[in-house]
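Taken in order, these protein sequences are the chains called A and B. The first sequence begins at 0 in numbering that gives the first Met the number 0 and counts up by one. The second sequence begins at 0 in numbering that gives the first Met the number 0 and counts up by one.
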Amino acid sequence: MSEYLVLIYENEASWANANGETAGKMMAEHESFGQNNASKLRGGNALHPTSSATSLRRDASGKLLITDGAFAETKEALGGYYVIEAADLDEAIAIAGQVPAAFGGVEVRPIRVFD
Amino acid sequence: MEAAVALAYQSEWAFVLAATIRVAGDIDVAEECVQDAFSKALIMWPKVGVPAKPGAWLTTVARRRAIDVLRRQSTHDRLLTDVVYKDDEAKEIVGNDSLIADDRLRLIFTCCHPSLSIETQVALTLRLLCGLTTAEVARAFLVSESTMAARLTRAKKKIKTSNIPYRVPTETDLPERIEAVLSVVHLVFTTGHTAPTGVDLMRRDLVERALELARMLRVLLNDDAGVAGLLALILLTDARHKTRTGPDGSLLLLSEQDRNQWDAKAISEGIDLVHEALRQSPAGRFALMAAVSAVHAESPSWQETDWTQIIALYDLLLVSWPSPVVALNRAVAVGIARGPEAGLEALAQLVPESQLSDYNYLASARADFLRQLDRRDEARAAYLEALTQCENEVERAFLERRVAELDQ
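Take a look at the structure:
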């Protein structure tokens, strides 16, 4: 068994423009996803939009630089994640493929284990 | 003796590697163990003679070595238990041909996993299933050996860290995954059949690897129509290989080739396979492409070619696979069947397709129709456009000759 991080990337503008009905539908879909895959889920959260993000870097002198916004500007932004357990990548893909992501998609990343 | 080992290397490599991966659970470890086994063969076979089943011999040696390696690497009891279990498997497997055959299927499905890029799928397939050296794979991609070595290392790392399973996909996934494998083998074939760059028209080594892979798939997936279709396509297309260039190395068109020199045996086998493949409904794309090739193969001459049937086949192909390349081939067929004006009209509908803009056959097809209509200036411009996009020396020479003829 391995763990995978399922990162949800979606276009934030589409989300902002979505009406209450769409948002409600999405919530319901996430709930269904959670119920259908309960035994495989190890965690997960929705994130506030990138407008609420704060990024930290160090400059050449080692000073901490704090900036407003996400670390990298991308067309689709990270909006949430799930941690899942799966026997192999095929199973991980089968689960991740059920994650609702109407305005984008998901990335499946294996979680690294250090012995 | 070295010849016997070399022969075994060529024909048994995939067999042995695939079986060893299952025991080793790691492609790199398995590769090393297989190399060791072949080295051992070079030492032992002169003393004990070439075994009746070289593949089984090599597999046993490689797997034993893999178990040794695992035992030494492992410090956990749990892992040892797995290893012991696999050792028992090893004893029964060597005697069971079908289980060994399954391992090659496992391997090719792993190499062609959708989470790997297409180039990576092709590179892994050439290296692990065809046994090409890293240098030879690098040459197929026209990159340096170190670049290819890094690419293969990254690929194997991805297989390991993301845990791509070493197995034949489940029934639900199988059709799509078989399609992916067929695409990879087809890509190896087309790259070899008309090399995109270089001095020769064809790269026989890649064509032969593709044919081997298609035959292997035919044995392992005997009732799959797509596999039958792909093997048919390769056989029928490659049946013409001796006639594609003239004695001076120049390109010969289908209309100019001596059909008596086509490989009749390959054509006969190909046609049987096409009939089999076409029994699946709806027809698969390789079956349809093979059927087009079959129409040419069965036609005693260029003049007697049944273009109506070819156009109909392309129409069918476009329904399920609206690829601009297929549309281009159809447009060329239309031009031959109904005249160059009709051909130009069909081509004009394609031009907006950005995918084709770098594909020199679009420009050269247009050039040829214009040439037939004696619209010399336009034809010359089109041939020159094709030349800017063409990197194969034999094809370039052909296009340059056409330009020269226009100026006469």
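For every residue, glycine included, the Cβ atom is placed at its ideal position computed from N, Cα and C. Computed from a prediction, not measured in an experiment: that's the story for all the values here.
Q.
Using CA atoms only, rank isn't needed, just tell me which of B:Arg63, B:Leu125 and B:Ile66 is closest to Leu212 (chain B).
A. B:Leu125
Q. With 16 as the cutoff for other CB atoms within 10 Å, does Asp87 (chain B) come out buried or exposed?
A. With a pLDDT of only 46 at Asp87 (chain B), under the threshold of 50, the placement of this residue in the model should not be trusted; the figure read from the coordinates follows. Burial call: exposed.
Q: State the start and end residues of the unbroken beta strand (DSSP E) segment that holds Ala85 (chain A).
A: Ala76 to Ala85
Q | Below-9 Å beta-carbon distance, Ala95 (chain A) vs any chain B residue | A | no
Q) So what's Glu31 (chain B) in DSSP terms, helix, strand or just coil? A) helix
Q.
Can you confirm whether the region 7 to 25 of chain B touches the region 34 to 45 of chain A when touching is taken to mean that 3 or more C-beta pairs between the two stretches lie within less than 8 Å?
A. no
(Q) So that I know if they touch, is there some Cβ in chain A lying closer than 9 Å to that of Pro195 (chain B)? (A) no
(Q) Can you confirm whether Leu20 (chain B), when its beta carbon is compared against all beta carbons of chain A, has any partner nearer than 9 Å? (A) The identity of residue 20 (chain B) in the sequence shown is Ile, whereas the question assumes Leu. Not an interface residue.
Q. What did DSSP end up calling Tyr358 (chain B) once you bin it into helix, strand or coil?
A. coil
Q.
Classify Met147 (chain B): buried if its beta carbon has 16 or more other beta carbons within 10 angstroms, exposed otherwise.
A. buried
Q) CA-CA distance, Asn10 (chain A) and Gly103 (chain A)? A) 6 Å
Q: Using a Cβ-Cβ cut-off of less than 8 Å, give me the residues of the region 135 to 168 of chain B that come near chain A, in sequence order.
A: Thr160, Ser161, Asn162, Ile163, Pro164 and Pro168
Q) Leaving out five residues before and five after Gly33 (chain A) in sequence, what residues of the same chain have Cβ atoms less than 7 Å from its Cβ? A) Leu40
Q: Tell me, please, whether the CB atom of Asp172 (chain B) is closer than 9 Å to any CB atom in chain A?
A: yes
Q: Starting from the beta carbon of Ser114 (chain B), find every residue of chain A whose beta carbon is closer than 7 Å, and list them in chain order.
A: Leu88
Q. Got a sec: is the Cβ-Cβ distance from Ile92 (chain A) to anything in chain B below 9 Å?
A. yes
Q | Sub-9 Å separation of Val273 (chain B) and Leu235 (chain B) beta-carbons | A | yes
Q: Look at the alpha carbon of Glu207 (chain B) and the alpha carbon of Ala122 (chain B), and state the distance between them as a whole number of angstroms.
A: 16 Å
Q. What residues in its chain sit with their C-beta under 8 Å from that of Asn162 (chain B), if we drop five residues either side in the sequence?
A. none
Q. Looking only at its own chain, which residues have a Cβ that is under 8 Å from the Cβ of Asp35 (chain B), when we skip the five neighbours before and after it?
A. Val60, Ala61 and Arg64
Q. When you compare only the Cα positions, how much space is there between Asp67 (chain A) and Ala15 (chain A)?
A. 19 Å
Q: Assign Met115 (chain A) to one of two classes, buried (16 or more other C-beta atoms within 10 Å of its C-beta) or exposed (fewer than that).
A: Residue 115 (chain A) lies beyond the range of chain A shown here (0 to 114); nothing can be said about it.
Q. Which residues mark the beginning and the end of the alpha helix (DSSP H) in which Ile233 (chain B) is found?
A. Ala224 to Asp237
Q. Could you give the distance in angstroms between the alpha-carbon of Gln97 (chain A) and the alpha-carbon of Ala276 (chain B)?
A. 34 Å
Q.
For His295 (chain B) and Val82 (chain A), what's the separation of their Cα atoms in angstroms?
A. 55 Å
**Q.** At least 3 beta-carbon pairs within less than 8 Å: the region 239 to 253 of chain B vs the region 218 to 230 of chain B
**A.** no
Q. To which residues does DSSP link Arg108 (chain A) through a beta bridge?
A. A:Leu4
(Q) Quick check: is the beta carbon of Arg41 (chain A) nearer than 9 Å to any beta carbon in chain B? (A) no
**Q.** Check whether Leu55 (chain A) and Leu77 (chain A) have beta carbons under 9 Å apart
**A.** no
(Q) Excluding the 5 residues flanking Leu405 (chain B) on each side, which residues of the same chain have their C-beta closer than 8 Å to its C-beta? (A) Arg370, Arg375, Ala378, Arg379 and Tyr382
Q) Does any residue of chain B bring its CB to less than 9 Å from the CB of Tyr8 (chain A)? A) no
Q: Taking Ser54 (chain A) as part of the beta strand (DSSP E), name the residues at either end of that continuous run.
A: Thr53 to Arg57
Q: Evaluate Phe113 (chain A) with the Cβ neighbour count: other Cβ atoms within 10 Å of its Cβ, from every protein chain shown; 16 or more gives buried, anything less gives exposed.
A: exposed
Q. Can you tell me the Cα-Cα spacing of His240 (chain B) and Trp261 (chain B), whole angstroms?
A. 8 Å
Q) Roughly how many angstroms separate the alpha carbons of Glu1 (chain B) and Thr307 (chain B), rounded to a whole number? A) 54 Å
**Q.** Proximal residues to Ala7 (chain B) (C-beta, below 6 Å), its chain only, five neighbours per side dropped
**A.** Pro53
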